[in-house]
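For what it's worth, our numbering labels the leading residue of the sequence shown as 123, then goes sequentially.
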Amino acid sequence: MNPERSTRNQSPSSWSHAGTLRGERVRIVGGILLICIIAAFSWAFLARWKTIYSSDEVTVKYREVGRYLLLNVKAPSNIFPEFRFDYWQDGLRHKNDMLKPSNSKVEPIYGVVENGAICTQYGVFDFSATRNASTVCGGLVSSATVIGFTRNATHWEYTIVLPKQELSSAGESASMVIDFWNESTQSQSSYPNTRFTGPVNIQYRKHAFDFRGLLR
Numbered sequence: 123m124n125p126e127r128s129t130r131n132q133s134p135s136s137w138s139h140a141g142t143l144r145g146e147r148v149r150i151v152g153g154i155l156l157i158c159i160i161a162a163f164s165w166a167f168l169a170r171w172k173t174i175y176s177s178d179e180v181t182v183k184y185r186e187v188g189r190y191l192l193l194n195v196k197a198p199s200n201i202f203p204e205f206r207f208d209y210w211q212d213g214l215r216h217k218n219d220m221l222k223p224s225n226s227k228v229e230p231i232y233g234v235v236e237n238g239a240i241c242t243q244y245g246v247f248d249f250s251a252t253r254n255a256s257t258v259c260g261g262l263v264s265s266a267t268v269i270g271f272t273r274n275a276t277h278w279e280y281t282i283v284l285p286k287q288e289l290s291s292a293g294e295s296a297s298m299v300i301d302f303w304n305e306s307t308q309s310q311s312s313y314p315n316t317r318f319t320g321p322v323n324i325q326y327r328k329h330a331f332d333f334r335g336l337l338r
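Written out as C-alpha cells, the structure reads:
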C-alpha cells in the first residue's frame, strides 16, 4: 500500500478524531502527574519532623515513615538519652508486659551507645526491692536500628528507627518518657517525669506497607 495515498484518502473528520484522542491522552497523563505531585507534597507535609523535647543542649524530634517511628536526637556527647515506652499505656508497669520475667513489671527501652550501636532493653520494676532497673543492652529482642549517626568531641546526632508494633499494644499511639544520663556528672534527669504519669504521647497512623527502604 502506498503510504502517501493512504494518508490522502483519510478524511478531515478522522484527523480531528485522532487529534481529540491525543489531547485526551495528554489530559489523562497530566492529571496523573498532578495527583502524584500533590501526593508527594502531602506526604512531605505529614512526614515532617515534630519536636518532642527542646532545651539549650538537647533536641528530640520525631516523624513517621510507614510502619516505623523515627526519633532524631541532637545532644552534647556526654548526654545519653534513653526512651522508655509504656506498652500498655495505662501509666503502670505490668507483670505481663513485653519479654518480661515472671516476677517483674517491664517496659521497652531504646538508646544509643558511643559507637552508634542500638541499645535495646526492658525496664524492670522489682517488687521485692521496689526500685527501677533495666536489663543489659540486647535484653529486649528488637528490630530497631540507628541511622544517620555522627559524633565528635562535643556533640552527636542520630536517628533511631522504631517499629511501631514494639511500642504499644494499641498500635495507633505511643506513650514515652525520656531519661537523660549525664556521663560527666553521673546523674540522670527525666522528661516529663520519672514515671508514666503524664508521659509524652505520640499519635501515629497504621500502615499496611513497609517504607523502610526509604530510610537508607
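By construction, the Cβ of each residue, glycine as well, lies at the ideal position given by its N, Cα and C atoms.
If you drop the 5 nearest sequence neighbours on each side, which residues of the same chain put their C-beta closer than 8 Å to that of residue i?
| i | result |
| --- | --- |
| residue 325 | 294, 295 |
| residue 258 | 243 |
Please classify residue i as buried or exposed, where buried requires at least 16 neighbouring CB atoms within 10 angstroms.
| i | result |
| --- | --- |
| residue 288 | buried |
| residue 204 | buried |
| residue 320 | exposed |
| residue 154 | exposed |
| residue 340 | Not covered by the structure: residue 340. The range shown for the chain is 123 to 338. |
| residue 146 | exposed |
Are the beta-carbon atoms of residue i and residue j separated by less than 8 Å?
| i | j | result |
| --- | --- | --- |
| residue 190 | residue 283 | yes |
| residue 194 | residue 281 | yes |
| residue 207 | residue 290 | yes |
| residue 300 | residue 187 | no |
| residue 174 | residue 322 | yes |
| residue 273 | residue 245 | no |
| residue 196 | residue 184 | no |
Go through its chain and collect everything with a Cβ distance to residue i's Cβ below 7 Å, but skip five positions before and after it.
| i | result |
| --- | --- |
| residue 212 | none |
| residue 286 | 189, 190, 191, 293, 326 |
| residue 265 | 285 |
| residue 271 | 238, 280 |
Less than 7 Å between the CB of residue i and some heavy atom of the ligand SAH, yes or no?
| i | result |
| --- | --- |
| residue 238 | Annotation note on the ligand SAH: not contained in the displayed structure, which lists no ligands. |
Would you list the one or two residues that DSSP bridges to residue i?
| i | result |
| --- | --- |
| residue 322 | 298 |
| residue 210 | Its beta-bridge partners do not exist; DSSP assigns none. |
| residue 304 | 201, 309 |
Kindly give me the distance between the Cβ atoms of residue i and residue j, rounded to whole angstroms, as I take these residues to be in contact under 8 Å.
| i | j | result |
| --- | --- | --- |
| residue 348 | residue 302 | This structure cannot speak to residue 348, because the chain is shown only from 123 to 338. |
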